[in-house]
Amino acid sequence: MSELSHEPVLQPFPDAEWDEAAGAIIAPLGQALALAEWLRDDDAFLLDYCSNVTGVDYLEREVKEKVTKEDGAVETVTRTEPSRMDVVYHLYSMQKQTGPLVLKQRTNREKPEVESLTPVWRSCELQEREVFDLFGVNFMGHPDQRRILMWDEFEGHPMRKDYTEPFDYEWEPTPHDEILDKHQRGKVIV
Amino acid sequence: MSLLGSGIFKGMAVTLRNFVGSFFYRDRLTTNDYSWRPSDNLPQRAGEYPKEEGEQLRDTTTVTNYSRNFPMLLHDSGEPMDTIRCVACQICERECPPQCIYIEKSTEKKENAGGKPQFYPATFDIDVSVCMSCQICVEVCPFDAIVMNSQFELSTPDRFGGLLLRRDDLLKSNGYYHKIHPEEAAARDKRIAEEKAAKEAKKKAAAEAAKKMAEEKAKADAEANEGTPDMQEDAE
Amino acid sequence: MGPHHPSTHGVFRMDVKLDGETVVDLQPVFGYLHRNHEKLAEDMSYLASMPFTDRLDYFNSMSNNWAYALAAEKLVEIEIPERAEYLRVIMAELTRLVNHVSLVGFFINDLGALGTPLLYAFREREKILDLFEQASGARMMCNYFRFGGLRNDVPEGWLDRAREVVDRFPDFLDEYEKLLCENEIILSRTQGVGCLSRDLAISAGITGPMLRASGVNYDIRKVDKYGIYDRFQFRVPYSDGDVGDCYDRFRVRMLEMRESIGILKQALDGIGDGPVLGDAPKVFKPKPAEVYGRVEAPKGELGFYLIADGTPKPYRYRVRPPSLINLTVLRDMCLGQKVADAVIILGSIDIVLGEVDR
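Chains as they are written, first to last, in our numbering: chain A, 65 to 254; chain B, 285 to 520; chain C, 151 to 508.
(1) Terminal residues of the continuous alpha helix (DSSP H) containing A/LEU97?
(2) Express the C-alpha separation of C/LYS463 and C/GLY298 in angstroms, rounding to a whole number.
(3) Residues in its own chain within less than 7 Å of A/GLY220 by CB, not counting five upstream and five downstream?
(4) In the DSSP output, what is C/GLY299 paired with across the bridge?
(5) Please classify B/ASN509: does DSSP put it in a helix, a strand, or coil?
(6) Quick check: is the beta carbon of C/VAL173 nearer than 8 Å to any beta carbon in chain A?
(7) Can you tell me whether DSSP reads C/ILE230 as helix, strand or coil?
(8) Please specify which runs of the alpha helix (DSSP H), each continuous and at least 4 residues long, are wholly inside the region 434–475 of chain B, giving them in chain order.
(9) Expressed to the nearest angstrom, what Euclidean distance is found between the alpha-carbon atoms of C/ASP310 and C/LEU244?
(10) Let me know the secondary structure DSSP gives C/MET404 once reduced to three states.
(11) Three-state secondary structure (DSSP) at C/PRO201?
(12) Three-state secondary structure (DSSP) at B/MET497?
(13) How is the alpha helix (DSSP H) around B/ILE385 delimited, first residue to last?
(14) As a quick exercise: from C/VAL304, C/LYS435 and C/LYS277, pick the residue whose alpha carbon is nearest that of B/ARG310.
(15) Tell me which same chain residues have a C-beta within less than 6 Å of the C-beta of B/LYS389, skipping the five on either side of it?
(16) In three-state DSSP terms, what is B/SER306?
(17) Between C/ASP392 and C/GLY342, which are expected to be in contact by the criterion C-beta below 8 Å, what is the C-beta distance as a whole number of angstroms?
(18) Count the other CB atoms, across all protein chains shown, that sit within 10 Å of the CB of C/ARG371; report buried if there are 16 or more and exposed otherwise.
(19) Taking only beta-carbon atoms, is A/LEU190 less than 8 Å away from chain C?
(20) Starting from the beta carbon of C/PHE272, find every residue of chain B whose beta carbon is closer than 9 Å, and list them in chain order.
(21) Assign B/ARG342 to one of two classes, buried (16 or more other C-beta atoms within 10 Å of its C-beta) or exposed (fewer than that).
(22) Can you list the residues of chain A that C/THR478 reaches, using a CB-CB cut of under 7 Å?
(23) Does the contact criterion of 3 or more C-beta pairs under 8 Å hold for the region 179–190 of chain C versus the region 255–266 of chain C?
(24) Determine which residues of the region 167–201 of chain C have a Cβ less than 8 Å from any Cβ of chain A, and write them out in chain order.
(25) What is the rounded straight-line gap between the Cα of A/VAL73 and the Cα of C/LEU183?
(26) Quick check: is the beta carbon of C/PRO305 nearer than 8 Å to any beta carbon in chain B?
(27) Got a sec, what are the start and stop residues for the alpha helix (DSSP H) B/VAL422 sits in?
(28) Can you list, in chain order, the residues of its chain whose CB lies under 8 Å from that of B/PRO381, leaving out five sequence neighbours each side?
(29) A/HIS70 versus chain C: which residues are under 8 Å apart at the beta carbon?
(30) Are A/LEU99 and A/TYR156 closer than 8 Å when you measure CB to CB?
(31) Below 8 Å, can you find three or more Cβ-Cβ pairs linking the region 455–462 of chain B to the region 350–365 of chain B?
(32) Indicate, with yes or no, if the ligand MN has a heavy atom lying under 7 Å from the CB of C/GLU409.
(33) For B/GLU339 and C/ARG238, what's the separation of their Cα atoms in angstroms?
(34) Assuming C/GLU232 contacts C/GLY422 under a Cβ cut-off of 8 Å, what Cβ separation, rounded to an integer in Å, is found between them?
(35) Within 8 Å of any Cβ in chain A, is that where the Cβ of C/VAL366 sits?
(36) Tell me the DSSP secondary structure of A/THR182 in three-state form.
See the structure below:
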């Protein structure tokens with residue numbers, strides 16, 4: 065949730081969207097780097113500290129919404145929200161000590177590609193590597209994009225919602241396997 | 285211009301003070317004596333665990349009245365299976381973060397020492413190699429049936445079955461609980477007694493209110509009966 | 151420089167390319183402790199993740215708990231009782247003392263003073279860990295904070311014992327400073343080593359004592375004023391110049407310990423009676439929202455980014471690890487230094503692998 069007002073952003077970048085539910089600015093395609101530089105250098109914002117970079121994976125899902133029609137009737141509409149992947153940046157200003165502004169870059173799930181903001185904020189370097197490692201998002205312009213937490217020959221991207229673990233455990237008959245089976249059969253719900 | 289190396293000498297003076305002081309003041313001692321009497325008859329497999337291990341606790345200087353280790357099932361005084369508090373509701377199994385509890389409910393109710401029939405756990409296994417003593421099972425139990433023990437000397441050479449504590453290993457009496465965690469046990473007993481008293485008071489108040497309502501209804505009926513014969517004749 | 155260290159920073163590897171004894175290139179390699187905590191949390195309820203937050207930065211479990219509780223409490227409107235707020239501050243500042251004193255010990259251990267200052271620090275740490283054990287039941291993995299307050303109240307006499315520990319800490323700090331701060335070996339080995347300029351520190355997202363040693367006055371306790379920190383008078387020690395070397399970080403931590411003692415004394419004086427757990431809903435099922443909650447953990451800014459979607463489990467749970475982000479500049483600081491200095495610089499960054507790898 066951003067605590068800074070997003071209105072000034074819309075003037076130089078009219079294509080940027082404002083996501084009300086999440087309280088975030090969605091960067092327009094191809095202009096993310098320019099927007100980031102502007103946010104860092106503009107006097108109103110001076111957002112020189114990028115605190116958190118993370119990825120979120122959304123599969124295709126159905127969303128029920130209550131829509132109020134013109135005659136006052138409330139109808140529940142189901143629409144399909146397409147799948148996407150977000151990269152979320154939380155930006156703060158150390159000079160002005162002001163609160164967060166949330167910036168998001170949206171991309172699709174089949175071939176996720178966004179612009180890397182490492183040239184603007186150095187703190188994105190390791191965190192974007194982590195998003196690449198765990199989600200598979202390709203950051204264009206990143207100086208050193210390779211896996212960071214998993215080993216280099218690992219295949220797959222663990223944090224995706226449709227990731228299934230490979231069945232290659234070294235099996236040992238510990239009593240916990242009983243419990244694990246019961247959990248997988250759906251009897252134990254958390 | 286101070287002597288080069290004077291900082292080092294000052295530091296060495298501090299070290300010397302600590303070294304000499306450690307012989308006289310316990311405060312300055314950096315290492316503690318983990319004094320415990322190893323017992324020759326350590327359990328070899330599940331089912332052999334000593335019933336109530338007050339002795340194990342008192343031997344060590346590192347375990348206090350407040351520390352928590354693995355869980356235990358409580359029973360009130362009497363035969364363990366007659367006074368067991370657990371009714372196998374399986375809430376702790378659901379809430380356990382590492383999923384280390386395995387419960388099988390009994391198929392039929394059995395009368396406990398208080399005369400009420402209750403379910404009981406036919407199987408209640410805790411995998412001690414997975415349990416992280418987070419205490420969430422204690423928090424969510426609605427019957428105060430599972431509390432934390434302080435027993436950590438559970439090492440056994442049996443790798444596969446030895447670290448699975450079964451229901452009979454876990455059952456300990458409320459008296460033992462008072463011995464190892466006196467403050468917590470006293471607070472828990474007080475809370476149970478207060479809740480029981482509140483429930484009884486509410487039941488009594490509800491019974492009195494029902495009685496009063498019944499009396500008033502009877503009175504109203506009696507009055508109505510006196511008044512209706514004229515109305516009935518009119519209706520007919 | 152392999153995953154095993156004499157200074158037990160954790161399983162962390164640095165691939166160092168040397169020219170004689172000078173470092174020409176350095177690549178940090180980690181991931182040995184990666185448990186994918188973020189994905190596990192998507193499968194468990196909000197409360198069940200709380201014991202796992204203890205294990206992120208395993209030295210400071212109380213601060214981790216507070217960061218998570220703060221983030222989750224932003225999702226739901228819960229009123230936190232006064233006594234719980236005071237106790238939270240007391241626990242967090244005791245954790246800060248524990249962390250800084252052990253860190254200075256480990257740092258000096260890296261320099262070669264094998265054990266003496268470290269064990270003196272651990273002696274004091276034991277007293278504070280005893281306090282934690284009496285309050286929550288466990289020394290390190292406390293699992294003490296809940297959404298809306300704390301799990302249980304501290305036992306009888308705990309506040310007096312805490313006051314005793316806090317009153318005797320400044321004497322220990324005086325002795326510790328006498329042992330270390332004028333030592334010529336420490337001065338010559340840490341001054342000018344691992345310099346971090348102000349602009350690089352801000353751009354690289356460094357937070358915590360490392361940032362303040364580089365000359366930036368930014369402390370989340372003063373900026374965000376979470377909890378009841380606005381009621382306490384304390385100063386934020388930061389360095390005057392732009393050097394930001396290991397010696398600066400060492401001194402900033404020593405000064406922060408003194409400030410923490412001041413906060414503790416004020417909190418112990420001001421604490422009142424009352425409940426410690428507010429009215430939290432029985433099943434924690436927040437409405438769909440996104441929130442980012444952060445605290446000033448002893449290592450830096452620890453933040454939790456939670457996306458809730460109306461079910462009892464979080465949709466996305468992200469930990470912003472200060473140790474990982476502080477490692478961004480490890481390479482920059484070590485280039486041109488000697489191999490032995492690389493170890494000291496790593497020690498002064500203060501990393502804990504549980505947090506770096508999650």
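Cβ coordinates follow ideal geometry from the N, Cα and C atoms, glycine included.
So, to answer that:
(1) 96–105
(2) 18 Å
(3) TYR227
(4) C/ARG296 and C/LEU427
(5) helix
(6) no
(7) coil
(8) 451–454 and 458–464, all fully within the region 434–475 of chain B.
(9) 14 Å
(10) In this structure, C/MET404 counts as helix in the three-state DSSP scheme.
(11) C/PRO201: helix per DSSP, three-state reduction.
(12) helix
(13) Premise fails: B/ILE385 lies in the beta strand (DSSP E), 385–389, not in any alpha helix (DSSP H).
(14) C/LYS277
(15) ALA372 and PHE403
(16) coil
(17) Contact flag wrong, Cβ pair sits at about 13 Å.
(18) buried
(19) yes
(20) THR314
(21) Here the model assigns B/ARG342 a pLDDT of 49, short of 50, so the residue's position is not dependable, and the following value carries that caveat. Counting Cβ neighbours within 10 Å, B/ARG342 comes out exposed, since fewer than 16 surround it.
(22) ARG186, SER187, GLU189 and LEU190
(23) no
(24) PHE180, GLY181, HIS184, ASN186, GLU188, LYS189, ASP193, MET194, SER195 and ALA198
(25) 41 Å
(26) yes
(27) Element bounds for B/VAL422: 420–424.
(28) MET416, CYS418 and ILE420
(29) In chain order: nothing, as chain C lies at least about 15 Å away.
(30) no
(31) yes
(32) Looking for the ligand MN in the displayed structure turns up nothing, as the structure carries no ligands at all.
(33) Any reading at B/GLU339 must be qualified, since the residue scores a pLDDT of 48, below 50, and its modelled position is unreliable; no value is offered.
(34) 6 Å
(35) yes
(36) coil
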